[in-house]
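Here the structure is laid out as structure tokens; the discussion comes afterwards.
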Amino acid sequence: MTEAADRLLIDAAIHSLTEPDTVHDAMATRDGDIVRLGRREEVEFLEGVETDVIDCGGRVVLPGFVDAHTHMEQLGQHLVHADLSRAESAAECLDRLCDRLESSEDGEWIQGFGYDESAWDDARTQPLTRDDLDQVATERPVVAMRVDLHTASLNTAALEYFAGEVPEDDLRYEHGEPNGIVVEDGAERVRTELTADREEMNAVLSAATGRAVELGVTGVHDKVRNSRAPQVYRELAAEGDLPLRVRIDYWSDHLESLVDVGLTTNAGDERVQTGAIKSFSDGSLGSRTAKLSEHYHDAQGGESDDGRGQWVVDPDDLESLLTRADDEGFQLSVHAIGDEAIEETLAVLESTDDPEAARHRIEHAELATDDQLERMADAGIVASMQPNFHRWAQEGGLYDQRLGLERRNRTNRFRDVLEAGVPLAFGSDGMPLDPLFGVHHAVNAPTDAQALSVTEALRAYTNGAAYAGFDDERLGTLEVGKRADFVVLEESPWEHSGRIEEIDVAMTAVSGEIVHDALER
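Numbering (UniProt numbering), first residue to last: 1 to 521.
So this is what it looks like as structure tokens:
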């Protein structure tokens, strides 16, 4: 006698996203696995007395989205503190921070996250300054983190708190005085100070993971540094309160501790795993600290190397660090945005013992040259990229401001990445965490070299990201024998390719368990 399924999905357009993509009418799951795919009549014999039958009403079903590069603590902070990500001016940022001040407790720091001055209506290009934030409060510290986390803005009280703790080279000055803008290691020092304690981390990660599954995310590769997040993730998983899969990519300053306790890449269980060792080469385009071979189009004072950005980790130090981590058997995940930074990073990763087997990754790789893409393909190095960054690739946008037209059109060339044969994984970097927003921007990119088809973009956010996390044998496509991680969409991204970002997620499931349900039945 055939064992009944736990759950049946019927009247659906179930896209396997295999190559080639196949579409099925129905799917059966049991014990967290997919056990049958096909026409309804080929699947419904698995219905039993206790089988949950979900009529999808013709909706599209896809593999669950895997965000290959994100920051869940920061997403949670957006939800718990002042969310500045949709502010359209400096004044609106200040209003939101003032609202947060009014709802805060005495003595509490006022925190805001996600502002992006390049998108403001007033054409301002300078980040928030101490003069701006002093309008919110003067006696209590006020901190606003830029969307890329490479710049922090401080009021006078916060600047005084960090006096002597922020590297001098990371402070920005006006008229001989710090103007409250802090970049790179200085911004990281600020971010570390804001890191939640254990109780708040539980609230922050619970909010973040709950929001993620509402957006169809079934797994994340979370970049973690000096944080209680790993401990809290494991506690949530043990209590049955972690709704998605988490792969923890640890910052490089955790390497020796990981070695000491015997944790290495892929250690863990169904819900929480150890991922890569994460490091940096350069900074960001928004902060003018990504390392370029040519000057910034709008170079300002304060950048090292004559307006071409700066190293976050010196190339010699990076080589020593990555060699050590590779020798210990870790996957490597290195942030490199500018073409010069990619060159230095790629040279080190190419020299490791077996970069393809280790699935070493370059995070962002925004300005990779044709030669660098060919070498990444030859070495099997993963390009972990962010399609939502195309939000800044329009005329007059951030990339125009920082790079000019010619280099703007050379950023994030997803079509060229795939055609070169480079493994491509999509993530959000939390800007924002929203796979359909990212897929929309990949499909509707400004140039042919930057654009993907709907199917290609979805694969990068499912199987491509699963591959980057050694999970492609169990996740990333909908096939018999794989885990039943899936998402149900209200509309088809193929039929509405010009507005994919507007499509709602009706249901999300992890290992067959429904973790988000907005499906009208």
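Positions of the beta carbon are idealized from the N, C-alpha and C atoms, including for glycine.
Residue range of the beta strand (DSSP E) that includes Asn202: Segment 198-214 is the alpha helix (DSSP H) holding Asn202; no beta strand (DSSP E) there.
Cβ neighbour criterion (16 or more within 10 Å) applied to Gln231: Per the 10 Å Cβ criterion, exposed.
Quick test of the definition: if touching needs 3 or more C-beta pairs under 8 angstroms, does the region 428-444 touch the region 30-45? Because the criterion of three Cβ pairs below 8 angstroms is not met, the region 428-444 and the region 30-45 do not touch.
Cutting at 6 angstroms between CB atoms, please list the residues of its own chain near Asn155, excluding the five before and the five after it. If we look at Asn155 and ignore the five residues flanking it on each side, its Cβ neighbours are Arg130, Leu133, Asp134, Val142.
Which two residues bound the contiguous beta strand (DSSP E) that contains Ala506? Where Ala506 is concerned, the enclosing beta strand (DSSP E) stretches over 505-510.
I'd like to know if the region 257-264 and the region 230-245 are in contact, where contact means that at least 3 CB-CB pairs between them fall below 8 angstroms. Segments in contact, no.
Thr192, buried or exposed, once every other Cβ within 10 Å from all chains shown has been counted against 16: Per the 10 Å Cβ criterion, exposed.
Flag this pair as yes or no: are the beta carbons of Ala82 and Gln111 separated by less than 8 angstroms? Taking 8 angstroms as the Cβ cut-off, Ala82 and Gln111 qualify as a contacting pair.
Residue range of the beta strand (DSSP E) that includes Leu9: DSSP places Leu9 in the uninterrupted beta strand (DSSP E) bounded by 7-10.
Would Arg408 be called buried (16 or more neighbouring beta carbons within 10 Å of its own) or exposed? Residue environment: Arg408 is assigned as buried (16 or more neighbouring CB atoms within 10 Å of its CB, all protein chains considered).
Quick one: Cα of Glu294 to Cα of Gly286, how far? Each residue's alpha carbon lies about 16 angstroms from the other.
Tell me whether Ala383 sits in a helix, a strand or coil according to DSSP, three-state version. Strand, per DSSP.
Is Trp392 helix, strand or coil when you go by DSSP? Helix at Trp392.
So, for Arg100: in the same chain, excluding its five sequence neighbours on each side, which residues have a beta-carbon less than 8 angstroms away from its beta-carbon? Cβ within range, chain order: His81, Ala82, Ile110, Gln111, Gly112.
Could you pull out every residue in the same chain whose Cβ sits closer than 8 angstroms to the Cβ of Arg140, ignoring the five residues on either side in sequence? Result list for Arg140: Leu101, Gly107, Glu108, Trp109, Ile110, Ala157, in chain order.
Ends of the beta strand (DSSP E) at Tyr467? Premise fails: Tyr467 lies in the alpha helix (DSSP H), 463-468, not in any beta strand (DSSP E).
I'd like to check one pair, Gly380 with Gly338: are the Cβ atoms closer than 8 angstroms? Going by C-beta atoms, Gly338 is not nearer than 8 angstroms to Gly380.
On the CB-based measure, 16 or more other CB atoms within 10 Å of its CB, does Pro423 come out buried or exposed? It counts as buried.
So what does DSSP say about Tyr296, is it helix, strand or coil? In the structure shown, Tyr296 adopts coil according to DSSP, grouped into three states.
Spatial distance of Asp306 from Gly404 (CA atoms): The alpha-carbon atoms of Asp306 and Gly404 are separated by roughly 17 angstroms.
Close-in-space but distant-in-sequence residues of the same chain around Glu513 (CB under 6 angstroms, 5 per side omitted): Nothing listed; no residue qualifies.
Note down, in chain order, each residue of its chain lying with its Cβ closer than 6 angstroms to the Cβ of Phe389, except the 5 sequence neighbours on either side. Cβ within range, chain order: Asn412.
Cβ distance (whole Å) where His69 is taken to contact Ser384 below 8 angstroms: About 5 angstroms separates the CB atoms of His69 and Ser384; that is less than 8 angstroms, so the two are in contact.
Using only alpha-carbon positions, find the residue among Ser153, Pro432, Glu177, Glu479 that is nearest to Gln386. Answer by Cα proximity: Pro432.
Does Ala229 pass the burial test, meaning 16 or more other C-beta atoms within 10 Å, or should it be called exposed? Classification for Ala229: buried.
Could you tell me which residues DSSP puts in a beta bridge with Gly268? Answer by DSSP bridge pairing, in chain order: Gln273.
In whole angstroms, what separates the C-alpha of Gln300 from that of His175? Rounded to whole angstroms, Gln300 to His175 spans 14 angstroms at the Cα level.
Using DSSP's beta-bridge definition, name the partner residues of Gln111. Answer by DSSP bridge pairing, in chain order: Val143.
If you compare alpha carbons, which of Thr151, His496, Ala208, Gly180 is closest to Ala163? Nearest of Thr151, His496, Ala208, Gly180 to Ala163, Cα basis: Gly180.
Given a cut-off of 8 angstroms on the beta-carbon distance, is the pair Glu462 and Val66 in contact? Looking at the sequence itself, residue 462 is Thr, so the reference to Glu does not match. The answer is yes: Cβ separation under 8 angstroms.
Which partner residues of Ile181 appear in the DSSP bridge assignment? Partner(s): Ser153.
Candidates Ala187, Tyr115, His516, Thr369: closest to His78 by CA position: Ranking the options by Cα distance to His78, first place goes to Tyr115.
Option nearest Leu159 by Cα separation, candidates Asp148, Leu149, Val147, Arg172: It is Arg172 whose Cα lies nearest to the Cα of Leu159.
Kindly indicate the opening and closing residues of the alpha helix (DSSP H) around Met431. Element bounds for Met431: n/a, residue is neither H nor E.
Please return the same chain residues whose Cβ sits closer than 6 angstroms to the Cβ of Asp445, not counting the five positions on each side in sequence. Reading off the sequence shown, one finds Ala at residue 445, where the question assumed Asp. Only His390, Ala451 meet the Cβ criterion.
Following the continuous beta strand (DSSP E) through Glu363, name the residue where it begins and the one where it ends. Its beta strand (DSSP E) spans residues 361-364.
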